[in-house]
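> First, the structure itself, so that you have it in front of you.
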Amino acid sequence: MKILIPVKRVIDYNVKIRVKSDQSGVELDNVKMAMNPFDEIAVEEAVRLKEQGKATELVAVTIGPAGAVEQLRTALALGVDRAIHVPADAMIEPLNVAKILAKIVEKENPDLVLLGKQAIDDDANQTGQMLAALLDWPQATFASKIEMNGGDFSVTREIDGGLETLSLTLPAIITTDLRLNTPRYAALPNIMKARQKPIESITPDSLGIALQNRLTVIKVTEPGKRKSGIKVADVAELVRRLKEEAKALS
Amino acid sequence: MSILILAEHDSAALKAATLSTIAAAKKLDLPIDLLVLGEGIDAVATQAKNIEGLRKIILGDNAVFKDILAETFSQAVLALAGEYSFILVPATTFGKNILPRVAAKLDIQQISDVIDIESPQRFVRPVYAGNAIQTIETAQEKNILTIRPTSFNAVALGAAQDTPVEKKEFSLTPPRVRFVGIEASKADRPDLSSARIVVSGGRGVGSKENFKIIEELADRLGAAIGASRAAVDAGYVPNDYQVGQTGKIIAPDLYIAIGISGAIQHLAGMVGSKVIVAINKDPDAPIFQVADYGLVGDLFTILPELHNELQK
Ligand SMILES: Cc1cc2nc3c(=O)[nH]c(=O)nc-3n(C[C@H](O)[C@H](O)[C@H](O)COP(=O)(O)OP(=O)(O)OC[C@H]3O[C@@H](n4cnc5c(N)ncnc54)[C@H](O)[C@@H]3O)c2cc1C
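Those protein sequences? They're chains A and B, same order as listed.
For the first sequence, position 104 (counting from the first letter as 1) is numbered 104 according to the working numbering, and the numbering increases by one without interruption.
For the second sequence, position 151 (counting from the first letter as 1) is numbered 1151 according to the working numbering, and the numbering increases by one without interruption.
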């Protein structure tokens, strides 16, 4: 089984983001970047499937600016075999990402595409589902458990009302949720070895995809701030204020 | 020009998130059709008649819709999509799973998690876990939106209207995915997404056994229970209790955060609450920056006291 793992370069989740004063977006210069945490989980799951002898080849792909090659190197250090970089603007929309991925799937013929359920920058939660639609493949989104039995996958999904299990026939798309696994850190020797692993560059043009965005960002602003609150001395004061002042308890 | 809303329901009634989505649609000032898919869903149609301002209710009552699969539900929406200028669903795991499939098939860039509609071309949505707010404009002829339910007050259910109900048969390509089962959470407390009061516990609660004290407080207040990711990861509570960027986004009248530090990913899910109370032994915990009332101390001493105080 061959697995394709799309990964995205995003601002590290620990960084407190800053909105630019001209409202054009979020400050990306001199900010620590990292692999989208949900994609790290996808890479980890793919590596485990290979370690268990269930996957034969792992290919990572990123669509993004030159710097995104760094995230491909991370994926390679974690155990991915080779990688593809499709150069594009950082603000590329999910539909275009899905279209490019569909072309890469045509070229690479993976049995499974494993990717994060959402990227923590635009929080869109679309790419996996869109790719599944473009390919007419079945999907299991928000996966918290993946089991392989023969050529089928049994996937447990985190949904609003609990946990749901689906059975999918390959080829298929699975998007990862937080509790699927805990990603490992890359070991230093593997980071060194990853430098030797191949990264191919494929332009959107050569895939026949034009990258115009459909939506125009008019402005990006800071969210409204909450009025600062107070510290109460004890439980009695808390309950009194909740009843009398906030009218939140009766 | 008209709007199609795909309803989320539990075969007996519409989910509150659907009622909020209808409220959002009303801001677009166009005729609204509600599509209800499922098996044995007459009760849902009857309830939907109590909503004012729907042009019609489209009922796809068929065994193929018994289980919610993105593959079948998206085909049904696509079969109807042609005549609509907007397609809306709530931004819940239901809507998020299905709608991007529709958008991709129609070659439309979906707009996720809409929190405000400024005009039929201009929408507001949070990005970066709500730490930035984006206003975007679309020139697409057809637009596909997921609506954040907490940002729109649910439409009221009033007197029965004479909204026509249209039964519809769909011919579908069978999907290569099969529904196996669902492990539903027990529903013996108010629903987290729509509860008036939510009591949430974090890593500070320490164990599944200790979580009992959170449950006791919740029951005393008639509240729903929420949790941080750390509490869910540690197995104190089920996954669907998670509040945050990647869990449930909620906005109750009162949110009580207990033993939760207040990471941005958690705040993203509850900062819209009307009143926030934080109980934490660390006076510098970031949760206090968003709390209206903060109480510094050990939760294991405070909660029993709170219980007694509420009993008075
Ligand atoms: C991609 C991604 C997505 C995420 N999504 C979410 C999400 O949706 N929701 C979410 O919640 N998190 C999410 N997180 C995790 C988030 O970053 C934090 O790790 C998490 O919220 C921390 O949970 P916590 O506050 O319970 O634990 P901690 O940060 O460990 O805080 C525990 C708190 O308990 C207090 N405490 C300990 N003992 C006591 C006591 N006896 N009495 C009183 N107080 C006590 C401590 O002072 C501390 O403040 C996400 C992270 C990533 C990377």
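The C-beta atom is built at its ideal place from N, Cα and C for all residues, glycine as well.
Would you list the residues whose beta-carbon is nearer than 5 Å to any heavy atom of ligand 1, in the order they occur in the chain?
A:Tyr13, A:Pro37, B:Gly1202, B:Arg1203, B:Gly1204, B:Ser1228, B:Arg1229, B:Ala1230, B:Gly1244, B:Gln1245, B:Thr1246, B:Gly1247, B:Gly1259, B:Ile1260, B:Ser1261, B:Ala1263, B:Gln1265, B:His1266, B:Asn1280, B:Lys1281, B:Asp1282, B:Ala1285, B:Asp1298 and B:Leu1299
> With 16 as the cutoff for other CB atoms within 10 Å, does tyrosine 185 of chain A come out buried or exposed?
As a first step, residue 185 of chain A is located in the first sequence; it is residue number 185 there, counting from the start. Classification of tyrosine 185 of chain A: exposed, given that the 10 Å Cβ count is below 16.
> Out of curiosity, what's the CA-to-CA distance linking glutamine 1121 of chain B and isoleucine 1144 of chain B?
Reading the second sequence from its first residue, position 121 is the one you call residue 1121 of chain B. Reading the second sequence from its first residue, position 144 is the one you call residue 1144 of chain B. Taking the straight line joining both Cα atoms gives about 11 Å.
> Between phenylalanine 1179 of chain B and chain A, is the shortest Cβ-Cβ distance under 9 Å, so that the two count as touching?
The residue labelled residue 1179 of chain B in the question sits at position 179 within the second sequence. Interface residue, yes.
> In terms of DSSP beta bridges, what is alanine 1224 of chain B paired with?
Translated into positions along the second sequence, residue 1224 of chain B becomes position 224. DSSP, once it has assigned bridges, lists B:Val1198 as partnering alanine 1224 of chain B.
> At least one CB of chain A closer than 9 Å to the CB of glutamine 1047 of chain B: is that the case?
Translated into positions along the second sequence, residue 1047 of chain B becomes position 47. Not one chain A Cβ lies under 9 Å of glutamine 1047 of chain B.
> Can you name the start and end residues of the alpha helix (DSSP H) that leucine 1299 of chain B belongs to?
Position 299 of the second sequence, counted from the start, is the residue given in the question as residue 1299 of chain B. Element bounds for leucine 1299 of chain B: 1299-1311.
> Residues of chain A with CB under 7 Å from alanine 1285 of chain B, in chain order?
Locating residue 1285 of chain B in the second sequence gives position 285, counting from the first residue. Those within 7 Å of alanine 1285 of chain B in chain A number zero; the least Cβ separation is about 11 Å.
> Is proline 87 of chain A close to chain B? Criterion is C-beta to C-beta, closer than 9 Å.
The count along the first sequence starts at 1 and reaches residue 87 of chain A at position 87. Not one chain B Cβ lies under 9 Å of proline 87 of chain A.
> Whole angstroms are fine: how far does the CA of glutamate 1309 of chain B sit from the CA of asparagine 125 of chain A?
Position 125 of the first sequence, counted from the first residue, corresponds to residue 125 of chain A. Position 309 of the second sequence, counted from the first residue, corresponds to residue 1309 of chain B. Roughly 44 Å between the two C-alpha positions.
> So leucine 168 of chain A and arginine 1196 of chain B are in contact, right, with Cβ under 8 Å, and what is the actual spacing, rounded?
Taking the first residue of the first sequence as position 1, residue 168 of chain A is located at position 168. Taking the first residue of the second sequence as position 1, residue 1196 of chain B is located at position 196. Wrong, their Cβ atoms sit about 39 Å apart, outside the cutoff.
> Can you tell me whether DSSP reads tyrosine 1236 of chain B as helix, strand or coil?
Residue numbering aside, residue 1236 of chain B sits at position 236 when the second sequence is read from its first letter. Here tyrosine 1236 of chain B sits in coil by DSSP.
> My output table needs one value for leucine 135 of chain A: the three-state DSSP class, helix, strand or coil.
The sequence position of residue 135 of chain A within the first sequence is 135, counting from 1. Helix, per DSSP.
> Which residue comes first and which comes last in the beta strand (DSSP E) that contains valine 97 of chain A?
On the first sequence, residue 97 of chain A is found 97 positions in, with the first residue counted as 1. From DSSP, valine 97 of chain A is part of no beta strand (DSSP E) but of the alpha helix (DSSP H) over 94-108.
> If we cut at 9 Å on Cβ distances, does isoleucine 1117 of chain B have a partner in chain A?
Your numbering for residue 1117 of chain B matches position 117 in the second sequence. No, because no Cβ of chain A sits closer than 9 Å to the Cβ of isoleucine 1117 of chain B.
> Quick one: what's got a C-beta closer than 6 Å to alanine 132 of chain A's C-beta in the same chain, skipping five residues either side?
Mapped onto the first sequence, residue 132 of chain A falls at position 132. Cβ neighbours of alanine 132 of chain A beyond the five flanking positions: Gln139 and Ile173.
> Using the Cα positions of isoleucine 1256 of chain B and isoleucine 1058 of chain B, report the straight-line distance between them to the nearest angstrom.
On the second sequence, residue 1256 of chain B is found 256 positions in, with the first residue counted as 1. On the second sequence, residue 1058 of chain B is found 58 positions in, with the first residue counted as 1. Going from the Cα of isoleucine 1256 of chain B to the Cα of isoleucine 1058 of chain B covers about 40 Å.
> Mind checking whether serine 119 of chain A and aspartate 22 of chain A have CB atoms under 9 Å apart?
Mapped onto the first sequence, residue 119 of chain A falls at position 119. Mapped onto the first sequence, residue 22 of chain A falls at position 22. Contrary to the premise, residue 119 of chain A reads as alanine rather than serine in this sequence. No. Outside cutoff.
> For chain A, is any of its Cβ atoms less than 9 Å away from the one on proline 1126 of chain B?
What you label residue 1126 of chain B is simply residue 126 of the second sequence in a count that begins at 1. Cβ-Cβ to chain A under 9 Å: yes for proline 1126 of chain B.
> Just curious, the beta strand (DSSP E) that methionine 35 of chain A is in, first and last residue?
Indexing the first sequence from 1 puts residue 35 of chain A at position 35. Methionine 35 of chain A -> beta strand (DSSP E) spans 33-35.
> Does DSSP put serine 1185 of chain B in a helix, in a strand, or in coil?
Residue numbering aside, residue 1185 of chain B sits at position 185 when the second sequence is read from its first letter. If DSSP states are grouped into helix, strand and coil, serine 1185 of chain B belongs with coil.
> Do you know offhand how far aspartate 160 of chain A's Cα is from valine 15 of chain A's?
By one-based count along the first sequence, residue 160 of chain A stands at place 160. By one-based count along the first sequence, residue 15 of chain A stands at place 15. In a straight line, the C-alpha of aspartate 160 of chain A is about 28 Å away from that of valine 15 of chain A.
> Based on the DSSP output, what are the partners of proline 1031 of chain B in its beta bridges?
In the second sequence, residue 1031 of chain B corresponds to position 31, counting from 1. According to DSSP, which records beta bridges pairwise, proline 1031 of chain B is partnered with nothing at all.
> Using a 10 Å radius around the Cβ and a threshold of 16 neighbouring Cβ atoms, would you call glutamate 1008 of chain B buried or exposed?
Position 8 of the second sequence, counted from the first residue, corresponds to residue 1008 of chain B. Flag for glutamate 1008 of chain B reads buried.
> Pull up the distance between the alpha-carbon of asparagine 1131 of chain B and that of isoleucine 63 of chain A, whole angstroms please.
If you number the second sequence from 1, residue 1131 of chain B lands on position 131. If you number the first sequence from 1, residue 63 of chain A lands on position 63. So the two alpha carbons sit approximately 24 Å from each other.
> The beta strand (DSSP E) with alanine 172 of chain A in it runs from where to where?
As a first step, residue 172 of chain A must be located in the first sequence, where it is residue number 172. Taken as a continuous stretch (DSSP letters only), the beta strand (DSSP E) holding alanine 172 of chain A covers 172-176.
> For valine 80 of chain A, which option in A:Ala68, A:Leu215, A:Pro65 and A:Asn190 has the closest C-alpha, if you only look at C-alpha atoms?
In the first sequence, the residue the question calls residue 80 of chain A occupies position 80. Taking only the C-alpha atoms, the option nearest valine 80 of chain A is A:Asn190.
> Let me make sure I understand the geometry here. Which of B:Asp1191, B:Ala1187 and B:Ile1276 has the alpha-carbon closest to that of lysine 1248 of chain B?
Numbered from its first residue, the second sequence carries residue 1248 of chain B at position 248. Cα-wise, what sits closest to lysine 1248 of chain B is B:Asp1191.
> Taking the beta carbon of proline 188 of chain A as the centre, do at least 16 other beta carbons fall within 10 Å, making it buried, or is it exposed?
On the first sequence, position 188 is the one that residue 188 of chain A refers to. The residue you asked about is not proline; residue 188 of chain A is leucine in the sequence shown. It is exposed - the Cβ of leucine 188 of chain A has fewer than 16 other Cβ atoms within 10 Å.
> Can alanine 1017 of chain B and threonine 1092 of chain B be called in contact, C-beta distance under 9 Å?
Here residue 1017 of chain B refers to the residue found at position 17 of the second sequence. Here residue 1092 of chain B refers to the residue found at position 92 of the second sequence. Yes, the pair counts as a contact, with Cβ atoms nearer than the cut-off.
> Check the Cβ of glutamate 1309 of chain B against every Cβ in chain A and list those closer than 7 Å, keeping chain order.
On the second sequence, residue 1309 of chain B is found 309 positions in, with the first residue counted as 1. By Cβ distance, chain A contributes Val235, Ala236 and Val239.
> Beta-carbon within less than 8 Å of leucine 1006 of chain B's beta-carbon, same chain only, minus the 5 sequence neighbours each way: which residues are those?
By 1-based counting over the second sequence, the position of residue 1006 of chain B is 6. The answer, listed in chain order, is Leu1035, Leu1037, Phe1073, Val1077, Ile1087, Leu1088, Val1089, Gly1095, Ile1098 and Leu1099.
> Strictly by DSSP, which residues pair up with alanine 252 of chain A?
This structure does not reach residue 252 of chain A, given that chain A is present from 1 up to 250, and the question cannot be answered.
> Could you tell me which chain B residues have their CB closer than 8 Å to the CB of arginine 214 of chain A, listed as they occur along the chain?
By one-based count along the first sequence, residue 214 of chain A stands at place 214. Simply Ile1108, Gln1109, Thr1138, Ala1139 and Gln1140.
> The alpha helix (DSSP H) with proline 1100 of chain B in it runs from where to where?
As a working note, residue 1100 of chain B is residue 100 in the second sequence. Per DSSP, proline 1100 of chain B belongs to the alpha helix (DSSP H) from 1093-1105.
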